[in-house]
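Okay, so here's the structure we're looking at.
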Amino acid sequence: MDEWTEPDGTIYRKNADGNYDVIPPKASKPKKSKKTTKKEVKE
Amino acid sequence: MAQNRKFQDFVENKYMADDAIGNSETDKLQSKMLVFDFDGSSLAQGAVTLLASDGVSAQTIPAGSILKSWFIDVTQPLNSSGSATLALGITGTADALIAATAFNNAALVAATAGWEFASKNAKTDAAKSVIATIGTADLTEGRFKLYIEYVEEAL
């Protein structure tokens, strides 16, 4: 078995020396916060 | 026919052959054991394919095996300058024996290690290599033999 994905998304990929590189699951990108506009404060 | 007090040739050979119990009669549903070697030559984060106990030959768990239990015989204590973890399993199920566990956990230390049940009742659909996954940080040293007990599925 040269490559498989664990249930948590970790990928195991066989390398040249017969062992496996372990590639952690990609972290989900943080959501961009919505831009807020400054409201003018009327005196 | 002369009296045969020593029962010589009491049962003819042809009948003994018919009743002989061979490997095919005794080999079913027996627990079996294989020993694997982690020689400490690969200590960086990643997954290491364990070899046979001679440290040279490749070895796999046969197809149709149900993993039962395991024992780690630590010959050089695992060590790390960080918080290294070790998981033990087979190709396709890296945590089939034990999920990522701190290198200095009692289960992985010679003085406290004992026979442990496989964490998942993994059944091999093909011959599988045994792997040790080093995570979080590199190990700096460590060697062990890993005893794995399994049962071949009934056909």
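In order, the protein sequence lines correspond to chains A and B.
Sequential numbering from 181 applies to the first sequence in my numbering.
Sequential numbering from 161 applies to the second sequence in my numbering.
By construction, the Cβ of each residue, glycine as well, lies at the ideal position given by its N, Cα and C atoms.
Secondary structure at residue i, three-state DSSP: helix, strand or coil?
i: T245(B); result: strand
i: E186(A); result: coil
i: D179(B); result: helix
i: E185(B); result: helix
i: E172(B); result: coil
i: D214(B); result: coil
i: E313(B); result: coil
i: G302(B); result: strand
i: K283(B); result: strand
If you follow the beta strand (DSSP E) that residue i is part of, which residue opens it and which one closes it?
i: L238(B); result: 225 to 239
i: T261(B); result: 253 to 262
i: L268(B); result: From DSSP, L268(B) is part of no beta strand (DSSP E); its letter is neither H nor E.
i: A292(B); result: 288 to 295
i: G206(B); result: 206 to 209
i: M193(B); result: 191 to 198
i: K194(A); result: 191 to 194
i: D270(A); result: Residue 270(A) is absent from the model: chain A starts at 181 and stops at 223.
Would you grab the beta carbon distance between residue i and residue j for me? Rounded to a whole angstrom, and I think it's under 8 Å.
i: L246(B); j: I294(B); result: 6 Å
i: S243(B); j: A262(B); result: 7 Å
i: Y310(B); j: I226(B); result: 6 Å
i: E183(A); j: K194(A); result: 7 Å
i: A287(B); j: P222(B); result: 6 Å
i: L238(B); j: L299(B); result: 6 Å
i: T251(B); j: I291(B); result: 6 Å
i: E276(B); j: S229(B); result: 6 Å
i: S279(B); j: A259(B); result: 6 Å
i: K305(B); j: D197(B); result: 6 Å
i: T284(B); j: G224(B); result: 6 Å
i: G182(B); j: R303(B); result: Wrong, their Cβ atoms sit about 39 Å apart, outside the cutoff.
Inset, instruction - Count the CB pairs spanning the segment 198 to 206 of chain A and the segment 195 to 215 of chain B that are closer than 8 Å, and state whether there are at least three. - result: Segments in contact, yes.
Inset, instruction - Could you say if the segment 178 to 192 of chain B and the segment 249 to 259 of chain B meet the contact criterion of at least three C-beta pairs nearer than 8 Å? - result: Cβ pair count under 8 Å is below three, so no.
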